[in-house]
Amino acid sequence: MYYNVSSLNNEKIGSNREWLIDSVNLKYSDLGLVQIKSGNFKLIKIDKGVWVVGSLKIVINMDCIRCLSQLDVCMDINIDEEYRYDYFTDDKFDDNFIIDDSNHLSLKECLREYIFVTSPMKPVCNKICKL
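Heads up, the sequence shown stops at 1187 in our numbering, and the numbers go up one at a time, no gaps.
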C-alpha cells in the first residue's frame, strides 16, 4: 500500500486526496494474511508532511484461545497518523512514518500497528468456547 504524494507536495497546506480501497490482501510475517474488505482514507497536506485519516474494514485469521481452531476476525480500523518528509524528521520520529525522497508513503506498517492495537486479546470461535 504505497501512495505517491508528489502532487500534494506542490500544493498549499490543507489540500487533500481521497482514496477508496476495495478487496486488497496484504501478507505480514507476524500476522499472516490480512484482507481489507473495504475502506477509505484521506491524505491531507500539512506543514511538515501528510496527515492520513481513514477507516478500513478488515478480516484477519486468528486462533481460538480455548480450542485452537482457526477463526476469521472482522475489525474496523480507524487510522489517524502523521507522515513527515524525510528532511523534517528527528531522532524521536518513527522511521516507518516517513515520506521518502521519491514522495511515496507506505501504509503497510501503520496498518500492522493498528491491527495489533485493535485485535482482540482473547479471540474465541463460538459460544461454547466463551463459557
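A virtual CB, placed ideally from N, CA and C, is assigned to each residue, including glycine.
Keep in mind that this is a model prediction, so the values were computed, not measured.
For CYS1185, the CB contacts under 7 Å within the same chain, skipping 5 residues up- and downstream, are CYS1120, ARG1122 and CYS1123 in chain order. The alpha-carbon separation between LYS1093 and SER1079 amounts to approximately 5 Å. Separation of the CB atoms of ILE1155 and ASP1142 is rounded to 7 Å, and the pair is thereby assigned contact status at 8 Å. By the Cβ test, the region 1104-1114 is in contact with the region 1127-1136, since at least three Cβ pairs between them sit closer than 8 Å. Going by DSSP, ASN1065 is part of the alpha helix (DSSP H) stretching over 1062-1065.
Cβ-Cβ distances below 6 Å link GLU1074 to LYS1098 in the same chain, with the five nearest sequence neighbours on each side left out; the list follows chain order. One thing to note: HIS1160 has its Cβ within 8 Å of the Cβ of TYR1058. Within the DSSP bridge table, the entry for ARG1073 names LEU1099 as partners.
Taking ILE1069 as reference, the option from ILE1171, VAL1106 and CYS1181 with the minimal CA-CA separation is VAL1106. Per DSSP, the unbroken beta strand (DSSP E) holding ILE1114 starts and ends at 1105-1119.
Contact annotation: LEU1089 and ARG1168 have beta-carbon atoms that are not nearer than 8 Å.
In the DSSP assignment, LEU1161 falls within the unbroken beta strand (DSSP E) covering 1160-1162. Of the other Cβ atoms in all chains shown, fewer than 16 fall within 10 Å of the Cβ of PHE1172; this residue is therefore exposed.
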